[in-house]
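I have placed the structure first, in the form of structure tokens, so that the comments after it can refer back to it.
2 protein chains.
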Amino acid sequence: MTEIIRPTLVIDKEQCLKNIERMATKAKEHNLKFRPHFKTHQSAVIGDWFRIYNVTAITVSSVMMAEYFASHGWDDITIAFPVNILEINNINRLTANIKLNILVENREAANVLAEKIKNNLGVFIKIDTGSNRTGISSSKTGTIDSIIKILNKNPKIRFRGFLAHSGHTYSAISTNEIFSRHFDALLKLATLKNRFKQDFPDIEVSLGDTPSCTICTNFSGVDEIRPGNFIFYDMMQFQLGVCDLNEIAIRVLSPVVAKHQSRNEIVIYGGAIHLSKEFLTNSAGKRYYGRIVKNINGKKTLLSDRNYVASLSQEHGILKVSQKNFQQFSIGDLVEIVPVHSCLTANLFRKYYTTDGMEISMINT
Amino acid sequence: MTEIIRPTLVIDKEQCLKNIERMATKAKEHNLKFRPHFKTHQSAVIGDWFRIYNVTAITVSSVMMAEYFASHGWDDITIAFPVNILEINNINRLTANIKLNILVENREAANVLAEKIKNNLGVFIKIDTGSNRTGISSSKTGTIDSIIKILNKNPKIRFRGFLAHSGHTYSAISTNEIFSRHFDALLKLATLKNRFKQDFPDIEVSLGDTPSCTICTNFSGVDEIRPGNFIFYDMMQFQLGVCDLNEIAIRVLSPVVAKHQSRNEIVIYGGAIHLSKEFLTNSAGKRYYGRIVKNINGKKTLLSDRNYVASLSQEHGILKVSQKNFQQFSIGDLVEIVPVHSCLTANLFRKYYTTDGMEISMINT
């Protein structure tokens, strides 16, 4: 801790390993393939931690990330993003060396794949289970039929099944809502699977989001899960009721540079280029970009939600703290912040330090 | 354009040069020192474009950025951020080689400087002109006196004057409000300058924010301006009425990967890790993360504000477009997006391409 002089992203490796182990064990118990999403950490070193728990297949969110992890020995990768046809040459290069799956959700992209794919490629059809971001509604079986027909024109392409991301679990306001959205996704996907399994006996259903994979216990009809955020968790998962404070394995440490008692504000070196402008709303209806952990009587304690990162400019962060806590912060202290969304924060820092001081690089660093 | 296959940050060099020239000319006409803020572009190559207009002194927002630009030949740098006392050794190393100015706004930091600074260092006292982010209220002359007294203990430290950033011009709702906030800042700083100029005949006032430096014409009592964003401008400045579309020199190009006609949505490869989650609100009260430019009859045209980047996840962006425009977007097209806040977007991309295809690196790339 004494060597940190600038905003620094710190992860607790032991807790990361516990988080991985718990999810790997859960997948095994439910007879699910575990294909963790590596977009959260984007690091080959952290990727290796998953091998300890026998992970051999991974998910990424871009062709670039697939190239990076392929170059670090991962040879079974799903790019869980609607295929970008401008990257078709990169996809052909990747499939020369690894087992690759991609997503399709429209005829235009399917036509380009049918025409241009040169090596074995798995294709999942992206299903929208209700988050309304991407994918085909599960009721549109005509569209699905026509896409499969197009894909079948190219013998190198194998239709693998249906992939969904119940992203709307992130906007749930209670764990009950996560359960009900997850259950709804299960029903939709099971219906689809039943419809197609006669023609495609090996058809698979792949589902993945940290909230449902963490707290739900029914995965009926699902073959594979792809959670990613769970390795670190963050304030979003905590506020959803998905994880406890001690399961959050990530912090931003930021130096205090100024204090303004008249408005109970602490200024830190740590801004939008460190934490990201992703925000949540606290119980008083105020936006926040992170919350604060303090050592109180030797125990790491999350300060009440009246203590929070209230605003961010490029390099500055403004903490609002309660009057009683104000004197606990001194110029030159390092404040321990739990970020709102660990994926975006990690992407901004581009490197990690472990609590025991090891530096860990990411893609492009 | 044909080689772009992924989200790409493109700048128009000719427009950047025009934007620099205009600000440099304005500074000269108003007899102001021009010390542009380099946090916006963070690039040594782009920094060199300023030398064409005789810029020799710059502003940065961190010690790290000062180190980067010092290593690229800049020897007169102001770090416009409340000094982080944990970086005192880095500051001492920098001052061995360049003319450096830093900011102070409290006695604690002043004491550390008085004790530890080893080489010549300029210190500005940060004044809060109303944005309530950092700085000392201009009425607290007692605090200012006591800080100057502390600084004077160290003969290597020279008190240079007062520095302010009227950041509240960014939240103005009209150009009139920018004028009035700027004028208020001028009054506060002039009062301070008058009070201190007997004891410090060379005292300077440094002011800087792109809105007021672009549109205001009264800089009475100001010695130096430090705008940064103006080299690119962005939707925030456009919405404030500070710049025209043709003055915005920055775009994000993003491939279209899916279309959802039932909700008039276009899915692009381009998310929070490209555009940043900084948002504005359009005339219908909707949050947006960027707006869309189209070539219409050979002319670059900003689509109406019913066409916008409506949401972002890590890699996905969702455009809402009007029904009439929906068919103008095809899978595999590159969409031209004007980002909300060019500083944060540039920081995420970490490299630029010029419209004529030159790649430009930034700090840490």
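Protein sequences, first through last, are from chains A and D. One point on numbering: in this note's numbering, the residue at position 66 of the first sequence is 66, and numbering is uninterrupted. One point on numbering: in this note's numbering, the residue at position 326 of the second sequence is 691, and numbering is uninterrupted. From the three backbone atoms N, C-alpha and C, an ideal C-beta is built for every residue, glycine too.
- Shown here, I513(D) sits in a helix according to DSSP, grouped into three states.
- DSSP links I615(D) through a beta bridge to I376(D).
- Here DSSP, grouped into helix, strand and coil, assigns S669(D) to coil.
- Rounded to the nearest angstrom, the gap between the Cα atoms of V607(D) and F544(D) is 11 Å.
- Taking the Cα positions, A249(A) is about 26 Å away from I331(A).
- If only uninterrupted alpha helix (DSSP H) runs of at least 4 residues are considered, those enclosed by the region 663 to 728 of chain D are 688 to 691, 707 to 714.
- For A346(A), the closest C-alpha among the options R226(A), S361(A), R291(A) is that of S361(A).
- Residue burial annotation: E87(A) is buried, with at least 16 other C-beta atoms found within 10 angstroms of its C-beta.
- Secondary structure at K193(A): helix, using DSSP grouped into helix, strand and coil.
- Taken in chain order, the complete beta strand (DSSP E) segments of 3 residues or longer contained in the region 370 to 458 of chain D are 373 to 376, 423 to 425, 441 to 447.
- Residues of the region 664 to 684 of chain D with a Cβ closer than 9 Å to any Cβ of chain A, in chain order: S676, S678, Q679, E680, H681, I683.
- Relative to the Cα of Q327(A), the nearest Cα in the group K156(A), K140(A), S262(A), V309(A) belongs to S262(A).
- Inclusion of I467(D) and I482(D) in the CB contact set at 7 Å is not warranted, their separation being larger than that value.
- Residues of chain D with a Cβ closer than 7 Å to the Cβ of I5(A) are, in chain order, L451, E452.
- In the three-state reduction of the DSSP assignment, G526(D) falls in the strand class, which pools E and B.
- Within the same chain, H402, K404, I444, A445, F446 come within 8 Å of S426(D) by CB-CB distance, once the 5 residues on both sides are set aside.
- Where I492(D) is concerned, there is no enclosing alpha helix (DSSP H), although the beta strand (DSSP E) around it starts and stops at 486 to 493.
- Under the DSSP assignment, R291(A) falls in the beta strand (DSSP E) whose first and last residues are 290 to 296.
- Residues of the region 268 to 280 of chain A with a C-beta less than 7 Å from any C-beta of chain D: Y269, A272, I273, S276, K277, E278, listed in chain order.
- E278(A) sits close to V340(A), with the two beta carbons spaced by under 7 Å.
- Of the residues assessed, K153(A) falls on the exposed side of the cut-off, its CB having fewer than 16 other CB atoms within 10 angstroms.
- The Cβ of S62(A) sits closer than 7 Å to at least one Cβ of chain D.
- For the region 130 to 145 of chain A, the residues whose beta carbon sits under 8 Å from a beta carbon of chain D are, in order, N132, R133, T134.
- With respect to chain A, the C-beta atom of I696(D) has a partner C-beta closer than 7 Å.
- Under a criterion of Cβ atoms nearer than 7 Å, the residues of chain A adjacent to C708(D) are, in order, Q314.
- Judged by DSSP in its simplified three-state form, I203(A) adopts coil rather than helix or strand.
- Nearest C-alpha to N120(A) among A114(A), G142(A), I157(A), A110(A): I157(A).
- With 16 or more neighbouring CB atoms inside 10 Å of its own CB, E265(A) falls in the buried class.
- The region 650 to 663 of chain D makes no contact with the region 65 to 80 of chain A, as fewer than three CB pairs between them are under 8 Å.
- At least one CB of chain D lies nearer than 7 Å to the CB of V257(A).
- Distance from A550(D) to G495(D) at the Cβ level is roughly 7 Å; contact confirmed, criterion being Cβ atoms closer than 8 Å.
- Counting only runs of 3+ residues, the beta strand (DSSP E) found wholly inside the region 202 to 233 of chain A occupies 204 to 207, in chain order.
- Each of N449(D), M601(D), F548(D) was checked against the Cα of L478(D), and the nearest Cα belongs to N449(D).
- Following the DSSP letters along the chain, one finds N476(D) inside the alpha helix (DSSP H) bounded by residues 472 to 481.
- E680(D) has its alpha-carbon roughly 26 Å from the corresponding atom of S648(D).
- Under the 10 Å beta carbon count, S138(A) is surrounded by 16 or more other beta carbons and is classified as buried.
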